[in-house]
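Quick note on the working numbering: the first sequence kicks off at 13 and runs consecutively. Just so you know, even glycine gets a beta-carbon here, dropped at the ideal spot from N, CA and C. Following: one structure in structure tokens, then a few remarks.
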Amino acid sequence: MVRRCPHQAGVSPCLETAGARQYDFGRGRDAPFFRPAFRDSIKIDPPPTPVELAKTYDPKSTEQKWFQLWIDLGYFKADPARKGTRHDAHGNDYFSIVIPPPNVTGQLHLGHALNHTLQDIIVRARRMQGFNTLWLPGMDHAGIATQNVVERQLAKDGKTRYQLGRESFVRRVWEWQETYGGKILEQDRRLGASLDWSRERFTLDAGLSRAVTKVFVELYRKGLIYRDRRLINWCPRCETALSDLEVEHKDAQGNLYYLRYPFSDGTGTITLATTRPETMLGDTAVAVHPDDQRYAAIVGKKLRLPFINREIPIIADAAVDPKFGTGAVKITPAHDFNDFEIGRRHHLEQVSVMDTRAHMNENAGPYRGLDREECRRRITDDLKSAGLLEKIEPHQLSVGTCSRCDTVVEPMISEQWFMRVKEMAERAMQAVRDGRTTFHPKFWENTFFNWLENIHDWCISRQLWWGHRIPAYRCQRCDHLMIAEERPARCEECGGNDITQDEDVLDTWFSSGLWPFSTLGWPEETPELRRYYPTSLLVTAYDIIFFWVARMMMLGLEFMNDVPFRDILITPLVRDEYGKKMTKSKGNVVDPVDLMEQYGTDACRLTFAQLSAQGREVILSHDRFAASRAFANKIWNAARFVMMNLDGAPQPLKTVEVKNLGLAERWILSRLDATIAEVSGAIDRFEFNLAGMAIYQFIWHEFCDWYIELSKEPLKAGGERRDAARYVLVTVFDRMLRLLHPFMPFISEEIWQVIRPYLREEDGSSLSPHLVIAKWPEPASVDPLSMAEAAAMTRCIEATEAINSLRSLLGYHPGQRVMAALRLVAKGEADSHSNVPQLLGRALAGSAELAIRAAFAQAKPYAAQMAKTESLEVLGAGAKMPDRVVTSVLDWCEVIVTAPEGFDFEKARGALQKKLDEVSTHHEQHLKRLGNPEFVAKAAPEMQNQIQERAQELEGQRRLLADQLKQLQASG
RNA sequence: GGGCGGUUAGCUCAGCGGUAGAGCAUCGGCCUUACAAGCCGGGGGUCGCAGGUUCGAAACCUGCACCGCCCACCA
Numbered sequence: 013m014v015r016r017c018p019h020q021a022g023v024s025p026c027l028e029t030a031g032a033r034q035y036d037f038g039r040g041r042d043a044p045f046f047r048p049a050f051r052d053s054i055k056i057d058p059p060p061t062p063v064e065l066a067k068t069y070d071p072k073s074t075e076q077k078w079f080q081l082w083i084d085l086g087y088f089k090a091d092p093a094r095k096g097t098r099h100d101a102h103g104n105d106y107f108s109i110v111i112p113p114p115n116v117t118g119q120l121h122l123g124h125a126l127n128h129t130l131q132d133i134i135v136r137a138r139r140m141q142g143f144n145t146l147w148l149p150g151m152d153h154a155g156i157a158t159q160n161v162v163e164r165q166l167a168k169d170g171k172t173r174y175q176l177g178r179e180s181f182v183r184r185v186w187e188w189q190e191t192y193g194g195k196i197l198e199q200d201r202r203l204g205a206s207l208d209w210s211r212e213r214f215t216l217d218a219g220l221s222r223a224v225t226k227v228f229v230e231l232y233r234k235g236l237i238y239r240d241r242r243l244i245n246w247c248p249r250c251e252t253a254l255s256d257l258e259v260e261h262k263d264a265q266g267n268l269y270y271l272r273y274p275f276s277d278g279t280g281t282i283t284l285a286t287t288r289p290e291t292m293l294g295d296t297a298v299a300v301h302p303d304d305q306r307y308a309a310i311v312g313k314k315l316r317l318p319f320i321n322r323e324i325p326i327i328a329d330a331a332v333d334p335k336f337g338t339g340a341v342k343i344t345p346a347h348d349f350n351d352f353e354i355g356r357r358h359h360l361e362q363v364s365v366m367d368t369r370a371h372m373n374e375n376a377g378p379y380r381g382l383d384r385e386e387c388r389r390r391i392t393d394d395l396k397s398a399g400l401l402e403k404i405e406p407h408q409l410s411v412g413t414c415s416r417c418d419t420v421v422e423p424m425i426s427e428q429w430f431m432r433v434k435e436m437a438e439r440a441m442q443a444v445r446d447g448r449t450t451f452h453p454k455f456w457e458n459t460f461f462n463w464l465e466n467i468h469d470w471c472i473s474r475q476l477w478w479g480h481r482i483p484a485y486r487c488q489r490c491d492h493l494m495i496a497e498e499r500p501a502r503c504e505e506c507g508g509n510d511i512t513q514d515e516d517v518l519d520t521w522f523s524s525g526l527w528p529f530s531t532l533g534w535p536e537e538t539p540e541l542r543r544y545y546p547t548s549l550l551v552t553a554y555d556i557i558f559f560w561v562a563r564m565m566m567l568g569l570e571f572m573n574d575v576p577f578r579d580i581l582i583t584p585l586v587r588d589e590y591g592k593k594m595t596k597s598k599g600n601v602v603d604p605v606d607l608m609e610q611y612g613t614d615a616c617r618l619t620f621a622q623l624s625a626q627g628r629e630v631i632l633s634h635d636r637f638a639a640s641r642a643f644a645n646k647i648w649n650a651a652r653f654v655m656m657n658l659d660g661a662p663q664p665l666k667t668v669e670v671k672n673l674g675l676a677e678r679w680i681l682s683r684l685d686a687t688i689a690e691v692s693g694a695i696d697r698f699e700f701n702l703a704g705m706a707i708y709q710f711i712w713h714e715f716c717d718w719y720i721e722l723s724k725e726p727l728k729a730g731g732e733r734r735d736a737a738r739y740v741l742v743t744v745f746d747r748m749l750r751l752l753h754p755f756m757p758f759i760s761e762e763i764w765q766v767i768r769p770y771l772r773e774e775d776g777s778s779l780s781p782h783l784v785i786a787k788w789p790e791p792a793s794v795d796p797l798s799m800a801e802a803a804a805m806t807r808c809i810e811a812t813e814a815i816n817s818l819r820s821l822l823g824y825h826p827g828q829r830v831m832a833a834l835r836l837v838a839k840g841e842a843d844s845h846s847n848v849p850q851l852l853g854r855a856l857a858g859s860a861e862l863a864i865r866a867a868f869a870q871a872k873p874y875a876a877q878m879a880k881t882e883s884l885e886v887l888g889a890g891a892k893m894p895d896r897v898v899t900s901v902l903d904w905c906e907v908i909v910t911a912p913e914g915f916d917f918e919k920a921r922g923a924l925q926k927k928l929d930e931v932s933t934h935h936e937q938h939l940k941r942l943g944n945p946e947f948v949a950k951a952a953p954e955m956q957n958q959i960q961e962r963a964q965e966l967e968g969q970r971r972l973l974a975d976q977l978k979q980l981q982a983s984g
């Protein structure tokens, strides 16, 4: 969507054209998706047959096609009238986020990519969960930044904005921004951001501009906005005032100049130290500390300011540090913040010696017209010639620079608009203290408080042309000032009609501060405003906590009487692979679009999620992206496997009841449920890294490594067992893809479309039965797996891994079948995991061994399959150990594999000895603990039991290992 | 000057009171009919240092060191 202002420049936004976009609220209901006829008419290309599925996943051919479909279906559209089907902890059925508006000049950088991915993940999840969801896009006009871009462009043609004049210049900025601006939103589409594109906002839109004006007027009436003449930060390059925040302090190597000022009465000189000799032209006093004995006698005497010949007093002020320099300091109230305060206390004159471009002005006498740098050199020379420069010492100092153009800022006396913020800041802090808004991670609250506690009034006026013009009007006849939302036709004092508007515009952050409610239609009582404010979550990086978050908190509480968001997720800053900040000047900027090209968008998104641990910064690691790309390919191939094993015309598979499923089938369903719970919970806690890792772990290491492998046997066997396996493969895939969708939207949709014909229609209020977004998966109310069965599967996995380990040690070929056995370990009682007798409803009590045997029986064939054993006998605890074997020990059994002909047992002995040492050490640690009377007296009984049990197990293992080692030596 | 965060395997990072984990890299064995962007297996860490609390500390407390960041009217 392009903002156009074809006919109007001058006063900030173009009301007519922008207005057309402003009040299209409520169109969500008319979105095509919500009309059933349209929905039913959706045509999605028939899914490819397995043969057509490429062997490797190609993101490029799949990614972009889905995005347009999602848009066409109105899937991203918010409808304030719709009831959510779920409620969060606050009892709300909606979930809303306003995007932190990027600069209209901006390109998507990694920080955005990370942020927007996290927002999209939670928004997509919430939408699937049934919340009424809004994610609102938009951009910031970015006053100085944008103006600078266009000014630089002009400079190439040797022009300045002044030559163009305000009107043409502003028109020029609109044109620029129509052509080049908003690129970032295009890039967001590439990222897959599920923003409600029909609600795109721009801070200069008519509606938002109206909000700005109204806020200004109301704050003025409340006395919270005022005009004052005081010292402010001034950028001589941008020629505008700056707020404290827009000044960056940088260390610089400078000099300390020791100057001599002569006494008026000719009785000599006083020496003082300064880093800025050129400001001496504006000196109106010299100050010393009141207790400084060296100078006590001369306080009150007069000095004659060199070159200017102004007579200035020596004053005493406690702000002077007697230990610094000579203990005497020149006072320049018009060019130094300290001096300004001292000047106020002593009623000193403020002599400004520079103009808006930091050239010396008429007060600079002979130096008039010089640039401040040049002036410094000239004055230093002149002082030297006059014998008034005692010495120059190198000195480390910090200089304030303009955050936008890097020019050294100049403190200047100037009349500006200010916002009184103390009270608002107090309310903002209170809201966080009360937990009405919570930061994640919590430590950011300290930063937030720290700044707000020391906050100064905010200089909100800028001498720029690009932005919201201040709604202050002055009568040219009687000079009366009027603050009004509309331009007054006549002066309310004298009735004159020659009225001019204040030339200044507002700080860009003034309008951004209103973003959470101005974008929802405020000051109109729109359905959107009622529905979606306070927004649920703000996701942003920490560098704009002061600029933006704090101000939104203050202004939201002031005008909406409620916090703008309930949770604030502060994301880490992305650094390059060497941990350095990415900056254009360093040339180490990584373009996320390049990453998406290289690894695929889904892989990038998952990586962002996994990297988003709640610290302060993340370091870019290409390995992680590559791993995610491999993961996408893994999923793709899992899908190929499933498709290859479904034959016949695509049709919904017959549901198989849980009780008719095999152990492996119920196990994977159970694991899926656990994963769903884990991922859902992690998203709720904004732990996207854990959510991402959990789903990765499940899909790769449980579904692919275990279930797919286990399914091969029943698939080959045919009949009911094959039907069950097919059903479970498809069912798990369906739910797992839906769980994955927020993280990897494209591949999940692509594959889901392939398996869709095999699924039965979802019940309930699905968003769309045609898309993977249908519905967030929920765990079954009853675990399909009993505790005993879960324990059996765990044992199966343990045994398999142990056998495979021994296979490797013995040098068996991966395909070769081996002879293996498990010899159960005798135990005093049935182990706590299984509780087998009760669960199986059989009378096995009294025999732990029988219980384990029974529980494991079902899982045993799986272990045999996975470890490729020819036979896998389960032997009793007393059974004789076969000859020519190598073994390892688990908690519950000894794992035995027969060695091949000619095997060198020496190799096995080493492995065994190592294990024995490990177990022995461990065992001793446990004994030591149990032998410690303090432990027995103080540790929790539960813990003592646990240690006791574990010690017994270790003791058993130690003994078995020792026996095995002995036997190995014998057979050696 | 004030404050914040980090320091765990070669790399990037989880874990945050009770047997040191993941991914990548590395080493060994495998093209086993979904996947070599793969499979199986192995090696690798006195959890920055020093004290303290505790029966028990990578985790909690204190101090220190180093790295990084933020704030501040340090002439």
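Buried or exposed (CB count within 10 angstroms, at least 16 for buried), residue 978: exposed
On a Cα-Cα basis, can you pick out the residue from 663, 707 and 824 that is closest to residue 772? 663
Are residue 567 and residue 227 closer than 9 Å when you measure CB to CB? yes
Can you check which of these residues, 632, 601, 631 and 647, is closest to residue 614 by C-alpha distance? 647
Residue 586 to residue 113, Cα distance in whole Å? 19 Å
Per DSSP, residue 150 forms a beta bridge with which residues? 213
Would residue 532 and residue 580 be called neighbours here (beta carbons separated by less than 9 Å)? no
What are the boundary residues of the alpha helix (DSSP H) that includes residue 812? 799 to 822
With a Cβ-Cβ cutoff of 9 Å, do residue 654 and residue 783 count as a contact? no
Across which residues does DSSP place residue 512 in a beta bridge pair? 486
C-beta atoms of residue 572 and residue 529 nearer than 9 Å: yes
Have a look at residue 666 and residue 796 and give me their C-alpha separation to the nearest angstrom. 18 Å
Starting from the C-beta of residue 369, find all residues in its chain whose C-beta is less than 6 Å away, skip the five residues before and the five after it, and write them out in chain order. 248
Check whether the Cβ atoms of residue 801 and residue 834 sit closer than 9 Å, and answer yes or no. no
For residue 554, three-class secondary structure by DSSP: helix
For residue 460 versus residue 557, is the C-beta distance shorter than 9 Å? yes
Rounded to the nearest angstrom, how far is the Cβ of residue 474 from that of residue 525, given a contact under 8 Å? Contact doesn't hold; Cβ gap of about 15 Å is too wide.
Nearest residue (CA-CA) to residue 536, options 731, 219 and 715: 219
Would you tell me roughly how many angstroms separate the C-alpha atoms of residue 690 and residue 941, rounded to the nearest one? 34 Å
Residues that residue 412 bridges to, as DSSP identifies them: 261
Can you tell me the Cα-Cα spacing of residue 964 and residue 625, whole angstroms? 39 Å
Reference residue 904, options 736, 968, 710 and 938, closest by Cα: 968
Under a three-way DSSP split, which group does residue 98 fall into? coil
Would you kindly work out how many angstroms separate the C-alpha atoms of residue 974 and residue 914, rounded to a whole number? 24 Å
Buried or exposed by the 16-neighbour rule on C-beta atoms within 10 Å, applied to residue 765: buried
Span of the alpha helix (DSSP H) holding residue 759? 757 to 767
Per DSSP, what are the beta-bridge partners of residue 84 in this structure? Answer is none; residue 84 lacks a bridge partner.
Short Cβ contact (9 Å threshold) for residue 282 with residue 298: yes
Nonlocal neighbours in the same chain, by C-beta distance under 6 Å from residue 382, ignoring five residues either side: 372
Return yes when the Cβ of residue 790 is within less than 9 Å of the Cβ of residue 688, no when it is not. yes
Please list the terminal residues of the continuous alpha helix (DSSP H) segment that includes residue 749. 731 to 752
Segments of 4+ residues assigned as alpha helix (DSSP H) that fall wholly inside the region 419 to 452: 434 to 445
Grab the span of the beta strand (DSSP E) containing residue 247 for me, first residue to last. 237 to 247
Using a threshold of 9 Å, state whether the C-beta atoms of residue 176 and residue 415 are closer than that. no
Count the other C-beta atoms from every protein chain shown that fall within 10 angstroms of the C-beta of residue 982, then say buried if there are 16 or more, exposed otherwise. exposed
Using 10 angstroms around the beta-carbon of residue 132, count the other beta-carbons present and answer buried if the total reaches 16, otherwise exposed. buried
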